[in-house]
Structure formats: C-alpha cells, structure tokens
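Under the working numbering, the letters of the sequence shown match residues 139 to 300, in that order. Glycine included, C-beta positions come from ideal geometry on N, C-alpha and C. Quick caveat, the model's predicted, so the values are computed rather than measured. One structure is given here, and the rest of the page talks about it.
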Amino acid sequence: MDSSPFYAYGVEVQSTGKIVIAGYQYVSHGSYSNYDFALARYNSDGTLDSTFGTSGVATVDFGSNDGNDHDYAFAIALGANDKLVVTGRQQLYNSSTGSYTYSVPVARFNANGTLDTSFSGDGWTLVPITGVHGPLPLVLGAKFLWLVRTTRAVALISRLRS
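Below, the structure written as structure tokens:
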C-alpha cells in the first residue's frame, strides 16, 4: 500500500486463506483527491498480496470527478467463488446548495480484486437514501444488514449474496 491513510472496517478470509480487509483510502485522481472504497488482501503470512488488485489494493470511486464525494466501505461479505461484496456510504457535497446527499454504494469484486462486471454492468451501483445521514451497517458473521429507510437496498444486498 502507498502512504495514504487506509481505514479498515471489515475483514473476510477467502477459501485460500488470504485475508481481505475493506475500508476506505484517500486517493489522488490527478486533478482531485477523495476517499474511495478500498480493499487490501494479505497472504496468510501477513504480507500484502501483490496479485490482488493493483499491488495488493483494489479501489473504486463512485464519485463526481471533482473531489466533492467520499466513498466509505463499512462492511464486507464473502460470496460464492470467493467474490467479495462491499457496501458502505457515499456522501456527495453539492457546492451550489451547500448540502450533502447520501447513497448506499454496493460493489462486487472478483476473488482477484477486479470489479465483477456481471453485476450492474460495471461492478457497482448506488442506492440513494433520504432522511438519514448515512446507513448504519451491522456485520453478523458472513452476512450483513443495512438499517436504512429503503427496501430496495435490503433487496439488492440479499440478491448479491446469492
């Protein structure tokens, strides 16, 4: 991993014994920087697995390409074939109104850290939420549940697990 801070919130162990942590990392995108979903995979001996993502880390930016968005991964679940389902919160700042909007981002990664494009065409989707300042994840073993005011998010996450 580079020297950017990485905040970890979830962990899963793949069938190979490799350890995947999910969280977020401050990432430079050239003209702007923001927090993005980030996964890091470690070998069973604790070394970063360079065969995963890019040099051991996989990131995804759900954003607006201007640095006014931040994507925070708070939960990870292991699916079939060691695929990884990650979810959290996206907050997007609207500079013209001075307010934030929030969404539940969901991404599915292949076992090697690439986005699984069989999900939603690009490997990720955003479920808008209103009336709350972001969802609260509960991680229960290999399953997770989002407490949000939308059945769409719960139905989507259930579908991803199968």
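Please name the residue, chosen from 171, 198, 162, 210, that lies closest to residue 251 on a Cα-to-Cα basis.
When only C-alpha atoms are compared, the closest one is 198.
Strand pairing of residue 190, partner residues [DSSP]
Residue pairing by DSSP places residue 190 opposite no residue, since no beta bridge is assigned to it.
Mind checking who residue 243 pairs with in its DSSP beta bridge?
In DSSP, residue 243 forms a bridge with 264.
Thinking just about the alpha-carbon of each residue, which of 170, 154, 165, 260 is nearest to the one in residue 181?
Relative to residue 181, the option among 170, 154, 165, 260 whose CA is nearest is 154.
Hey, how far is the Cα of residue 193 from the Cα of residue 258?
Inter-residue distance for residue 193 and residue 258 is about 26 angstroms (C-alpha atoms, whole angstroms).
Distance, Cα to Cα, residue 158 vs residue 256?
In a straight line, the C-alpha of residue 158 is about 21 angstroms away from that of residue 256.
Give the straight-line distance between the Cα atoms of residue 200 and residue 174, rounded to the nearest whole angstrom.
Each residue's Cα considered, the two are about 8 angstroms apart.
Looking only at its own chain, which residues have a Cβ that is under 8 angstroms from the Cβ of residue 278, when we skip the five neighbours before and after it?
Residue placement at residue 278 is poorly supported in this model, since its pLDDT is 34, which falls under 50; the coordinates still yield a value, given next. Closer than 8 angstroms at Cβ, skipping near neighbours: no residue.
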